[in-house]
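Per the UniProt record's numbering, residue 1 is the first one in the sequence shown, and the count goes up by one each step.
Beta carbons are placed, not taken as given, at the ideal position from N, Cα and C, and that holds for glycine.
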Amino acid sequence: MVAGISCRNSLNGRKGKRMKEEGHMAISYWSFDISWNKKKGEMTKMPIMCRAHDGSNGGKLDGVHFRDPERYKTANSRNTEKTKLQQPPSPATPFAAVSYDSDHHPTQNPTFFIDTHTHSPMSYFNRASKAIQVANRLNLGLPSIERRFCSNSRNNNRRDDNNSVIDLSQYPTDKIRNFSIIAHVDHGKSTLADRLLELTGTIKRGHGQPQYLDKLQKEGQNNRTIFRWRKTSLFCALRASTMVERERGITVKAQTATMFYNYELKKGDPSYLLNLVDTPGHVDFSYEVSRSLAACQGALLVVDAAQGVQAQTVANFYLAFESNLAIIPVINKIDQPTADPDRVKAQLKSMFDLDTSDVLLTSAKTGQGLEHVLPAVIERIPPPPGKCDSNLRMFLLDSYYDEYKGVICHVAVVDGSLRKGDKITSAATSQSYEVLDVGIMHPELRPTGFLLTGQVGYMVSGMRSTKEARVGDTLFHSRTTVEPLPGFKPAKHMVFSGLYPADGSDFEGLNHAIERLTCNDASVSVARESSTALGLGFRCGFLGLLHMDVFHQRLEQEYGTHIISTVPTVPYIFEYSDGSKVEVQNPAAFTANPKIRVVASWEPTVLATIIIPSEYVGAVINLCSERRGEQIEYSFIDTQRAFMKYRLPLREIVVDFYNELKSITSGYASFDYEDSEYVASDVVKLDILLNGQPVDAMATIVHKLKAQRVGRELVEKLKKYIDRQMFEITIQAAIDSKVIARETISAMRKNVLAKCYGGDVTRKKKLLEKQKEGKKRMKRVGSVDIPQEAFHAILKVS
């Protein structure tokens, strides 16, 4: 007989949400519940009870007697959401309820009830954990309950009952292929990764989670109860769908998954181990692409059959080409009505000199042509070139923080092997660790006990500080000495911005959130700074404006922090009259010294690649000229599209260049850039003053030719967002000591003459003069609050 269990709150009398679990044993666990009794006007504590039974009449198990389940027989419960009891139990008493179908036969799925209205998710997590402990002691099978309530980090360390143990020793290096998927944004990388995971049986078909590898932030939702306690480990554990990446429709973090594929056409053992890396496509996250390619020997270059070669396609191709990777061109979305594979093949031939016969035609949406992808990976991509009998050398690819285990590192074993219990040392920090857990991503964490040469997986070594996991580091056995691996190209920060807590007292909370988040995003630089207007904060460097926006969103969604961000700036180099050169990232640090003066300045530039329809060439040339651009190359890909390359100042593109480019080309332009050299430029510091006092958080560095216009726009926007006070507020934009723009917010005025109905005019003048003196005094001691909307508004001033 299959039995069920139920927990019921006697005070409210509500039946909770039902969870069906398989098994012939059932267990009910109750802890003390503190509830408010409205009738008595006091707190009531409900007793702890732990009951277990095997469904038999008068069943007694582990010395605990349980009621006869036949007493609570139900009918027609298979298709009902709630089980109706013939005789409800007494208050605060756990009970068993057997589910029967319409023919009064027991169903195969007993019911587990939980009241989701009166208790926090953490209390249910604790209840289920205790129930699992007792179930394990009694040898009761409750695997599904464990998966539902336990955190991802704990669950990932437990194998599913239906999965067999993976023996990685049967996969030598010649049976391993490490490859990544690179493409322009929205060309179908993540969808193609989904289909490959389904094709190899790594995930189930119809798993209900599109873009499975996009898992920056996951949020669990369980019918009526949505878990949103972001500061608890339960929230981090129950996240089940990406928000940052799926809201924006992009991949932000490179994700890895291990697949097992049987290639029947290969002689001998047909089983292969394939490590797939899904990479971002947006220009700001090219650092993620370069980091992923460091662990691969080949790449799938995915191109949209309708859009053709785009700017990021060009950039990613040369990233892979410079890394000496085998490139397999894949034309995706051939099922679209506007698809033109022949035209795209011609573009690949003309731009990259790729053989058109090597191009694969696929549709990740319908599955057409996918059967040729993995055989091509096995045939065209070489195996890892590591040495199995050499000393261990591992490449640290990525890391993220887990509440239970600390830092979890994604590693690629280049030489030798790694086993649980090994002592390893970091080449960057010289610190030693013990390997506590090691395994693969399949696609979730799955322990294997060891990793061999050429394999990519994860490692837990007890790192507790986020600064210990340095991406690109070489890890090796502590008892050996090896030559460190050449690290891939480090991230170069293009945009800098100040982050301050909206509530000045929450600095430690922001510090904790940034410290945890930077462990999973090594491309962000962080340094503490202080502002006279905003207090203590951080100066952060980002790869681009989208990268900065995503970082802000993750701070708010994953850690619940509210921040104020300053105007984004780029790094400048200044030479002073005493011969010294200084790189300035924060305009507030660029102070005027009367003893020395600036004799020269340089600003960073980028090489921008722009691909547009030919009818928009004139508008794009005008835009680049307005942004002080220098044309480097201009050609036509085919009769319909043009290829342009410009050298542009970085300051001119970090804010709104891409949006304006999309606007004038009706959304058909694609844009990519790479950092270039510093060039001489006449730039000045633009200060914003409120009532004569400079606001360092709003200072910026602009080109001298645009200083007048930018200053005027800034003061006009600030006037719209700063509230009126009892005294007059003066907003000024100044270069050095010269004011170039000014706006005034008039004071709110009390009518002090209302009580004067007549009489001598000198009486009225006396009252007005007294009011004027009072407002002067208020202006000296008063303060002006700058709302967050004002900072957001000045971000749009280019």
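Exercise for the section: Pick out whichever of S399, N332, K387, H410 has its Cα sitting closest to the Cα of H372. Expected result: As a working note, residue 372 is residue 372 in the sequence shown. Per the Cα distances, N332.
Exercise for the section: Between the Cα of V344 and those of R742, P587, E773, T356, spot the shortest distance and give me the residue it belongs to. Expected result: Stepping through the sequence shown from its first residue, residue 344 is reached at position 344. Looking at R742, P587, E773, T356, the one whose alpha-carbon comes closest to that of V344 is T356.
Exercise for the section: For H493, count neighbouring Cβ atoms within 10 angstroms of its own Cβ and tell me buried if that reaches 16, exposed if not. Expected result: Here residue 493 refers to the residue found at position 493 when the sequence shown is read from its first residue. Residue environment: H493 is assigned as buried (16 or more neighbouring CB atoms within 10 Å of its CB, all protein chains considered).
Practice task
Inspect the beta-carbon positions of G504 and S531 and report whether they are closer than 8 angstroms.
Solution key: For the purposes of this step, residue 504 is taken as residue 504 along the sequence shown, with counting starting at 1. For the purposes of this step, residue 531 is taken as residue 531 along the sequence shown, with counting starting at 1. In this structure, G504 lies away from S531, with their beta-carbon atoms at least 8 angstroms apart.
Practice task
Just tell me which of I378, I563, I381, G201 has its CA closest to the CA of G535.
Solution key: On the sequence shown, position 535 is the one that residue 535 refers to. Out of I378, I563, I381, G201, I563 has the C-alpha closest to the C-alpha of G535.
Practice task
For the beta strand (DSSP E) holding residue 808, just list the boundary residues, first then last.
Solution key: Past the edges of the chain, shown from 1 to 798, lies residue 808, and the structure says nothing about it.
Practice task
With a floor of 3 residues, list each beta strand (DSSP E) that falls wholly inside the segment 697-721, ordered by position along the chain.
Solution key: Runs of the beta strand (DSSP E) spanning 3 or more residues and lying entirely within the segment 697-721 occur at 700-703, in chain order.
Handout entry: the segment 345-364 contacting the segment 422-440, beta-carbon criterion three pairs below 8 angstroms
Key = Three or more beta-carbon pairs separated by less than 8 angstroms are not found between the segment 345-364 and the segment 422-440, which leaves the two stretches without contact.
Exercise for the section: Select from V570, I596, A588, T569 the residue whose C-alpha is nearest the C-alpha of K581. Expected result: Sequence index remark: in the sequence shown, residue 581 carries index 581 (1-based). For K581, the closest of V570, I596, A588, T569 by C-alpha to C-alpha distance is I596.
Practice task
Leaving aside the five residues before and after Y171 along the sequence, list all residues of the same chain whose C-beta is less than 6 angstroms from its C-beta, in chain order.
Solution key: Taking the first residue of the sequence shown as 1, we reach residue 171 at position 171. L273.
Handout entry: For I688 and R479, the rounded distance between their alpha carbons
Key = Your numbering for residue 479 matches position 479 in the sequence shown. Your numbering for residue 688 matches position 688 in the sequence shown. Annotation: R479 to I688 spans about 59 angstroms, alpha carbon to alpha carbon.
Exercise for the section: Tell me G298's beta-bridge partners as DSSP assigns them. Expected result: As a position in the sequence shown, residue 298 is number 298, starting the count at 1. Its beta-bridge partners are F179, A326.
Problem - Counterpart residues of P447 in DSSP-defined beta bridges - result: To locate residue 447, count along the sequence shown from 1; it is residue 447. P447 pairs with G439.
Practice task
Return the residue from the list K189, T366, V495, T453 that minimises the CA-CA distance to residue 813.
Solution key: This structure cannot speak to residue 813, because the chain is shown only from 1 to 798.
Exercise for the section: Let me know the secondary structure DSSP gives R749 once reduced to three states. Expected result: The sequence position of residue 749 within the sequence shown is 749, counting from 1. Here R749 sits in coil by DSSP.
Exercise for the section: Indicate whether the contact test is met: 3 or more Cβ pairs, each with one atom in the segment 661-678 and one in the segment 717-733, closer than 8 angstroms. Expected result: Touching, no.
Handout entry: Cβ-Cβ distance between S737 and V683 below 8 angstroms
Key = Counting from one through the sequence shown, the residue named residue 737 turns up at place 737. Counting from one through the sequence shown, the residue named residue 683 turns up at place 683. At the C-beta level, S737 and V683 stay beyond 8 angstroms of one another.
Problem - Identified DSSP bridge partners for P613 - result: The residue labelled residue 613 in the question sits at position 613 within the sequence shown. Residue pairing from DSSP places P613 in a beta bridge opposite R641.
Exercise for the section: My understanding is that K420 touches D402, with C-beta atoms under 8 angstroms, so please give their C-beta distance in whole angstroms. Expected result: By one-based count along the sequence shown, residue 420 stands at place 420. By one-based count along the sequence shown, residue 402 stands at place 402. Incorrect: roughly 17 angstroms between the Cβ atoms, too far for contact.
Problem - Same chain, Cβ closer than 8 angstroms to C756, five either side skipped, listed in chain order - result: Here residue 756 is taken as the residue at index 756 of the sequence shown, counted from 1. R763, K764, L767.
Handout entry: Span of the alpha helix (DSSP H) around S350
Key = Stepping through the sequence shown from its first residue, residue 350 is reached at position 350. Per DSSP, the unbroken alpha helix (DSSP H) holding S350 starts and ends at 341-352.
Exercise for the section: Grab the span of the alpha helix (DSSP H) containing S190 for me, first residue to last. Expected result: Along the sequence shown, one-based indexing puts residue 190 at 190. For S190, the uninterrupted alpha helix (DSSP H) run begins and ends at 189-199, by DSSP.
Problem - Segment contact, 8 angstroms Cβ cut-off, at least three pairs: the segment 620-639 with the segment 650-662 - result: Inter-segment contact for the segment 620-639 and the segment 650-662 is present: three or more beta-carbon pairs are separated by less than 8 angstroms.
Exercise for the section: Tell me whether the beta-carbon of S350 lies closer than 8 angstroms to the beta-carbon of L319. Expected result: Taking the first residue of the sequence shown as position 1, residue 350 is located at position 350. Taking the first residue of the sequence shown as position 1, residue 319 is located at position 319. Taking 8 angstroms as the Cβ cut-off, S350 and L319 do not qualify as a contacting pair.
Exercise for the section: For the alpha helix (DSSP H) holding H184, just list the boundary residues, first then last. Expected result: Residue mapping note: residue 184 aligns to position 184 of the sequence shown, counting from 1. Per DSSP, H184 lies in no alpha helix (DSSP H) segment and is marked neither H nor E.
Exercise for the section: Specify, as a first and last residue, the run of the alpha helix (DSSP H) that Q631 falls within. Expected result: For this step, residue 631 is matched to residue 631 along the sequence shown. Taken as a continuous stretch (DSSP letters only), Q631 belongs to no alpha helix (DSSP H), being part of the beta strand (DSSP E) at 630-636.
Handout entry: Cutoff 8 angstroms; reference T200; Cβ partners in own chain excluding five residues on either side
Key = Position 200 of the sequence shown, counting from 1, holds the residue named residue 200. The answer, listed in chain order, is M259, F260, Y261, L274, L374.
Practice task
Note the first and the last residue of the continuous alpha helix (DSSP H) segment covering Y668.
Solution key: In the sequence shown, residue 668 corresponds to position 668, counting from 1. Note, Y668: premise wrong, no alpha helix (DSSP H); not H, not E.
Exercise for the section: Go ahead and label P787 buried or exposed: buried means 16 or more other beta carbons lie within 10 angstroms of its beta carbon, across all protein chains shown. Expected result: In the sequence shown, residue 787 corresponds to position 787, counting from 1. By the 10 Å Cβ count, P787 comes out exposed.
Problem - Integer-rounded CB distance, given that D672 should sit under 8 angstroms from A311 - result: The residue you call residue 311 lines up with position 311 of the sequence shown. The residue you call residue 672 lines up with position 672 of the sequence shown. With 8 angstroms as the limit, A311 and D672 qualify as a contact, their Cβ atoms being about 4 angstroms apart.
Practice task
Could you please give the first and the last residue of the uninterrupted beta strand (DSSP E) stretch that includes R205?
Solution key: Locating residue 205 in the sequence shown gives position 205, where the first residue counts as 1. Per DSSP, R205 lies in no beta strand (DSSP E) and is assigned neither H nor E.
Practice task
Find the nearest neighbour of V567 within the set E556, V456, N586, judged by alpha-carbon distance.
Solution key: As a first step, residue 567 is located in the sequence shown; it is residue number 567 there, counting from the start. Ranking E556, V456, N586 by Cα distance to V567 puts N586 first.
Exercise for the section: Give the range of the alpha helix (DSSP H) segment to which H547 is assigned. Expected result: Along the sequence shown, one-based indexing puts residue 547 at 547. Here the alpha helix (DSSP H) through H547 covers 545-559.
Exercise for the section: Rounded to whole angstroms, what's the CA-CA distance from V165 to T191? Just pull it up for me. Expected result: One-based indexing of the sequence shown puts residue 165 at position 165. One-based indexing of the sequence shown puts residue 191 at position 191. Put simply, the backbone Cα of V165 is about 28 angstroms away from that of T191.
Practice task
Pull up the DSSP beta-bridge partners for residue 805, would you.
Solution key: In the structure as shown, the chain starts at 1 and stops at 798, and residue 805 therefore has no counterpart that could be examined.
Handout entry: Chain-order list of residues whose beta-carbon lies under 8 angstroms from that of H187 (same chain, five-residue window excluded)
Key = Along the sequence shown, one-based indexing puts residue 187 at 187. Sequence-distant partners of H187 (beyond 5 residues in either direction) whose C-beta falls short of 8 angstroms from its own C-beta, in its chain, are G281, V302, V303, D304, Q307, Q310, T313, N332, K333.
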